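**Q** Per the numbering used here, the very first residue in the sequence shown carries number 501; after that it's consecutive.
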Amino acid sequence: MPDFMKPMSGLGVTFSSMFSPTITEQYPEQKTPTAPRYHGRHQLNRHPDGLEKCIGCELCAWACPADAIYVEGADNTDEERYSPGERYGRVYQINYLRCIGCGLCIEACPTRALTMTNDYELADDNRADLIYEKDRLLAPLPPGVEAPPHEMAPDSTEENYYRGEVSKEGRLVGRADS
Ligand code: SF4
Ligand code: SF4
């Protein structure tokens, strides 16, 4: 191409983009839904009666390649019970300054206590607020369900909980898959 034509070829790019469709997204006023399996903020799930599924085993923390999870387990007692069975996650933290959203932690969790939501708004203006603890990670309690600590359903075992045989009202019911 002769030298005098070169500025014209640059303008050609400008003219062609003037007639292409606008792709500006009006975020945050309009939020685009994510793909259904998008790896967003984590959630610590509960059993139907509100007890926590996390047993404080730390497998998620060991699986994390970014060292983003910190867990401290503790023993449940009859007076103060947060999960069925022996242990619960007393301290649970995820550091979103480190998390790369890989999902290995949720693969490692033996009780499906840990899953990921589609919530992608994980920005803040300081580092401390990006370390999420149980108050921001635990699933909300369904209406009318008592917050732990509280007793397990009468005559139930932890196995009944893991099989989905305990109702929202804290009663033993038939198997969830029967
Ligand atoms: S998604 Fe990946 S990086 Fe983030 S906490 Fe889980 S294992 Fe760690
Ligand atoms: S979230 Fe799952 S893997 Fe992590 S400590 Fe709790 S039960 Fe264990």
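Ideal placement from N, C-alpha and C gives every residue a C-beta, glycine not left out.
Model, not experiment: these values are computed from the prediction.
1. Would you say Gly601 touches ligand 1, meaning its beta carbon is less than 7 Å from a heavy atom?
2. Helix, strand or coil for Ala574? Go by DSSP, reduced to three states.
3. Taking the DSSP output, what are the residues bridged to Arg546?
4. Given 8 Å as the limit, is there contact between the stretch 604-616 and the stretch 556-570, that is, 3 or more CB pairs closer than that?
5. Give a yes or no on whether the C-beta atoms belonging to Tyr570 and Thr611 are separated by under 8 Å.
6. From which residue to which residue does the alpha helix (DSSP H) around Val513 run?
7. Here's a check: name, in chain order, each residue in its chain whose Cβ is nearer than 6 Å to the Cβ of Leu630, leaving out the five neighbours to either side.
8. Does the structure place the stretch 539-553 close enough to the stretch 579-590 that three or more beta carbon pairs sit under 8 Å?
9. Please confirm whether Leu544 and Tyr592 have their CB atoms less than 8 Å apart.
10. How long is the line joining the alpha carbons of Gly670 and Ala653, rounded to whole angstroms?
11. Ignore the nearest five residues each way along the sequence and tell me which others in Ala568's own chain have a CB closer than 7 Å to its CB.
12. Using CA coordinates, which residue listed in Gly510, Gly664, Asn576 is at the minimum distance from Glu651?
13. Which value, in whole angstroms, describes the spacing of the CA atoms of Ser516 and Lys506?
14. May I ask you to check if the CB of Cys554 is nearer than 7 Å to at least one heavy atom of ligand 1?
**A** Concretely, from the data shown:
1. Counting from one through the sequence shown, the residue named residue 601 turns up at place 101. Yes, the Cβ of Gly601 comes within 7 Å of a heavy atom of ligand 1.
2. By one-based count along the sequence shown, residue 574 stands at place 74. Three-state result, Ala574: strand.
3. Stepping through the sequence shown from its first residue, residue 546 is reached at position 46. Glu552, per the DSSP bridge assignment.
4. yes
5. Counting from 1 along the sequence shown, the entry for residue 570 is found at position 70. Counting from 1 along the sequence shown, the entry for residue 611 is found at position 111. Result no, Cβ atoms of Tyr570 and Thr611 do not sit closer than 8 Å.
6. Here residue 513 corresponds to residue number 13 of the sequence shown, with the count starting at 1. Here the alpha helix (DSSP H) through Val513 covers 506-518.
7. Walking along the sequence shown from the start, residue 630 turns up at place 130. Within the same chain, Leu630 has close Cβ partners Tyr596, Leu597, Asp624.
8. yes
9. Mapped onto the sequence shown, residue 544 falls at position 44. Mapped onto the sequence shown, residue 592 falls at position 92. In contact: Leu544 and Tyr592 (Cβ atoms closer than 8 Å).
10. In the sequence shown, counting from the first residue as 1, residue 670 sits at position 170. In the sequence shown, counting from the first residue as 1, residue 653 sits at position 153. Approximately 5 Å, taken between the alpha carbons.
11. The residue you call residue 568 lines up with position 68 of the sequence shown. The beta carbon of Ala568 is closer than 7 Å to those of Ile594, Asn595, Arg598, Cys599 in its chain, skipping five residues each way along the sequence.
12. What you label residue 651 is simply residue 151 of the sequence shown in a count that begins at 1. Nearest of Gly510, Gly664, Asn576 to Glu651, Cα basis: Asn576.
13. As a working mapping, residue 516 is identified with position 16 in the sequence shown. As a working mapping, residue 506 is identified with position 6 in the sequence shown. In a straight line, the C-alpha of Ser516 is about 16 Å away from that of Lys506.
14. Mapped onto the sequence shown, residue 554 falls at position 54. Answer for Cys554: no, Cβ out of range of ligand 1.
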